[in-house]
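For the sequence shown, counting from 1, position 194 maps to 1313 in the working numbering; every step adds exactly one.
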Amino acid sequence: MARRPARGPRRAPAAAGRAPPAARAIRRSAPRAPPAGRPRACRRPAPRARSAPPDWGSTVIAASDRGYHRSTASVGGPAAHEDADRPSALPGGGRRTPPDTLRRVPLGPVPLPPADLRIADLAGRRVGVWGAGREGAAAIRALAAHAPGSSVVVASSSAPPDGAAPLPDGPDGRPPRHLHGAEGLAALAACEVVIRSPGVPVRGPEADAVRAGGATLTSGTALWLAERGDRETVVGITGTKGKSTTSSLLHHLLGKAGVRSVLAGNIGRPLLDQLRPSDPPEAWVVELSSYQLADLPRAPTIAVVTNLMRDHLPWHGDEATYHADKLRILTAGDGPRMAVLSYADPGLRSAAETLPHVPILWVDHPDGLHVAGGEIREGARVLCPIDALPLRGVTGARNVCAALEAVRALGYEVADLAGALRDFRPLPHRQQVVAAADGRTWVDDSISTTPEAALSAVAAFGPGPLVLIAGGDDRRQRYDALARALATGRVPTGAVGEPLAEVRIAGVVTLPGTGPALAEAVADAAREAGRTLPVRQVDGDEPGAVMVAAVAAARELAPAGATVLLSPAAPSHNLFRDFEDRGDRFAAAVAGLG
1120 MARRPARGPR RAPAAAGRAP PAARAIRRSA PRAPPAGRPR ACRRPAPRAR
1170 SAPPDWGSTV IAASDRGYHR STASVGGPAA HEDADRPSAL PGGGRRTPPD
1220 TLRRVPLGPV PLPPADLRIA DLAGRRVGVW GAGREGAAAI RALAAHAPGS
1270 SVVVASSSAP PDGAAPLPDG PDGRPPRHLH GAEGLAALAA CEVVIRSPGV
1320 PVRGPEADAV RAGGATLTSG TALWLAERGD RETVVGITGT KGKSTTSSLL
1370 HHLLGKAGVR SVLAGNIGRP LLDQLRPSDP PEAWVVELSS YQLADLPRAP
1420 TIAVVTNLMR DHLPWHGDEA TYHADKLRIL TAGDGPRMAV LSYADPGLRS
1470 AAETLPHVPI LWVDHPDGLH VAGGEIREGA RVLCPIDALP LRGVTGARNV
1520 CAALEAVRAL GYEVADLAGA LRDFRPLPHR QQVVAAADGR TWVDDSISTT
1570 PEAALSAVAA FGPGPLVLIA GGDDRRQRYD ALARALATGR VPTGAVGEPL
1620 AEVRIAGVVT LPGTGPALAE AVADAAREAG RTLPVRQVDG DEPGAVMVAA
1670 VAAARELAPA GATVLLSPAA PSHNLFRDFE DRGDRFAAAV AGLG
């Protein structure tokens, strides 16, 4: 990998109806005009009408510590959704989403913290830390180191659980007071500045009460970016899916180039633990979640957005607000100096139309870096077969394209892509093969929390036979497209010019939470397609027993040579501690098969 000459930015052809630029400075040849209508990667063949078979039901499996038992019930029957949204505490620390959560979340923009507010400005002031987890602890340490004389109070929604790590010492050399509930909220409202942890909502009565008391509500991300100013290069990476892998890929590729970079943010150490390093890196690679971006007052130097899907609706309120919060990585302050976006994503193409001042480097377009024919290509030039990559399938290769374009945005070029990535270690719980036994391959893709992510995983492990284990916390997912793909065996690939792949689906096992809704959607899609597809519904409230039952049911459905894929298409918190816990329990259940 070598330093590439400085070149101007480029914008790929826009959507139909907007004339593309005559040429792009980074390319040596003029680009082809984009195809009329939708980009090729977004085209879908018209559905064919099929006769419907007789109605059929699925098997409901009730998990217990000793295994499971079966009872037959119609898919989506009266009891199917009975407690899916009940706001009751669950094993593993989860909590079901109340059905009216979305209506209670105010929508629209929120007041922004000052873009130039730095941690040193908090010296001698009353400061609240909202949240007592990793990010809250990092804020306390930063205040102790860089804001002498500040008076710190910590507030959270509930008392810390037994065995929780103690809070670090504050500026006065002692752990700060830790209040919770109404008392904690009142203490925050009496502060001058409140540093919220990313999971603390920026909208709603609690945030309004803090602001009404006169406090400035900011975040560790905002304080950290203010510290960087315009002196340091920050590559911010977000997207509903792929942001962690793309961040890790970029950090890895920069290392191969001899560029000192630090991986931080939503992945790795909290930003406030890296406020003033003694030896600043040449580039910061920062993964940013929508929670961190919602009130971001300043954009990073370079912004990378992998995609926009439907997610996190209970926190943001609705899909449009979620997307707007996500896109603050492009719209905050004066915007980034450059952006890397996916042309395959309609939401990102629309966003680009409103950002004429931001130079855009497009990926997933046939004139730029894209995946087609089992290869990573740049225009017609082949850079690398995707089989040579340590990441599986088209989705992993598209993340490589985004990371490579970000490397170029920083002024570097990759001469041997496959060689540079040969020793890259994919992150766990992302299409990770955990076992190959009994002639079956068992895959942990627990990070899959959206239907689109599950579709990508199904395509990656085609042509089958394949059994999917899916279902989890209800975030108002739409399962129609996933169900249709499972019922017909025609799955979107994400590759340019190759919209669908044939995958033989041997069966579906659903988990508590959204499982009944997914089973019902699969039943409807199968009837419409004139096919039958075995579905097993697992029920229960003990995480280990549920996963053991799901794995046992999947083994019954999976013929020799099949892949069993845990790709839940939903978050984990209704039953499991987090997606890692869900994936670990899956691997343990597979290991325990007799």
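Where is the CB? At the ideal position from N, CA and C, for every residue including glycine. Since the structure is predicted, the reported quantities are computational estimates derived from the model, not experimental observations.
*Distance, R1496 Cα to V1405 Cα*: 26 Å
_I'd like the span of the alpha helix (DSSP H) that includes D1658, first residue to last._
No alpha helix (DSSP H) contains D1658, which is instead part of the beta strand (DSSP E) from 1654 to 1658.
*Beta bridge counterpart(s) of C1503 as assigned by DSSP*: I1495
*Residue range of the alpha helix (DSSP H) that R1571 falls in?*
Looking at the sequence provided, one finds Glu at residue 1571 rather than Arg. 1570 to 1579 is the extent of the alpha helix (DSSP H) around E1571.
*Rounded to a whole number of angstroms, what is the C-alpha to C-alpha distance between L1546 and T1359?*
16 Å
*Have a look at T1364 and N1518 and give me their C-alpha separation to the nearest angstrom.*
7 Å
*asked:* If distances are taken between C-alpha atoms only, which option among V1319, C1503, N1426 comes closest to P1465?
replied: N1426
*asked:* Which residue wins for smallest C-alpha separation from A1534, given the options R1594, V1248, A1679, L1502?
replied: L1502
*Tell me, please, whether the region 1245 to 1263 touches the region 1279 to 1298 by the rule of three or more beta-carbon pairs shorter than 8 Å.*
yes
_Helix, strand or coil for D1117? Go by DSSP, reduced to three states._
There is no way to answer for residue 1117, as the model of the chain reaches only from 1120 to 1713.
*Cβ of Q1393 within 7 Å of any heavy atom in the ligand HEM?*
Absent from the structure shown: the ligand HEM. Ligands present: none.
*If we count the other Cβ atoms within 10 Å of its Cβ and call it buried at 16 or more, is D1202 buried or exposed?*
Unreliable placement is indicated for D1202, whose pLDDT of 26 sits below 50; no coordinate value is reported for it.
*For S1575, count neighbouring C-beta atoms within 10 Å of its own C-beta (all shown protein chains included) and say buried if the count is 16 or more, exposed if not.*
buried
_If I measure Cβ to Cβ from S1338 and keep anything under 6 Å in the same chain, skipping five residues before and after, which residues do I get?_
R1315
*Please report how far the alpha carbon of A1521 lies from the alpha carbon of R1655, in whole angstroms.*
38 Å
_Which of helix, strand or coil DSSP assigns to L1064_ = Limits of the chain in this structure are 1120 at one end and 1713 at the other, which puts residue 1064 out of reach.
_Please report the straight-line C-alpha distance between D1660 and L1449, rounded to a whole angstrom._
41 Å
*Who pairs with S1380 in a beta bridge, going by DSSP?*
A1402
*Identify whether A1554 lies in helix, strand or coil by the three-state DSSP scheme.*
strand
*With 16 other CB atoms within 10 Å as the buried threshold, where does E1524 fall?*
buried
*Using 10 angstroms around the beta-carbon of P1197, count the other beta-carbons present and answer buried if the total reaches 16, otherwise exposed.*
Residue placement at P1197 cannot be trusted, given a pLDDT of 27 that sits under 50; the coordinates are not used to answer.
*Got a sec, what are the start and stop residues for the beta strand (DSSP E) T1560 sits in?*
1559 to 1563
_Cβ distance (whole Å) where A1341 is taken to contact A1308 below 8 Å_ = About 20 Å separates the two Cβ atoms, so there is no contact after all.
_In whole angstroms, give me the CA-to-CA distance for L1694 and A1640._
22 Å
*Euclidean distance between Cα positions of V1513 and V1246*: 47 Å
_When T1568, P1618, G1613, E1647 are compared against T1633, the one with the closest alpha-carbon_ = T1568
*Which residues share a DSSP beta bridge with G1255?*
In the DSSP output, where bridge partners are listed per residue, G1255 has none listed.
*Tell me, to the nearest whole angstrom, how far the beta carbon of V1586 is from that of A1710; I am working on the premise that it is less than 8 Å.*
In fact, because the Cβ distance is near 18 Å, the residues do not count as touching under 8 Å.
*Leaving out five residues on either side along the sequence, give the residues of the same chain with a beta carbon under 8 Å from the beta carbon of L1467.*
V1424, N1426, L1427, L1460, S1461
*Just reading off the beta strand (DSSP E) that G1247 is part of, what are its end residues?*
1245 to 1249
*Would you tell me roughly how many angstroms separate the C-alpha atoms of S1366 and G1387, rounded to the nearest one?*
11 Å
_At the level of alpha carbons, what is the spacing between L1373 and D1414?_
29 Å
*asked:* At 3 residues or longer, what runs of the beta strand (DSSP E) sit wholly inside the region 1336 to 1388?
replied: 1353 to 1357, 1380 to 1384
*For the alpha helix (DSSP H) holding T1450, just list the boundary residues, first then last.*
1447 to 1450
*asked:* Let me check one thing: in DSSP terms, what residues is M1457 bridge-paired to?
replied: I1421
*asked:* If you follow the alpha helix (DSSP H) that P1662 is in, where does it begin and where does it stop?
replied: 1662 to 1676
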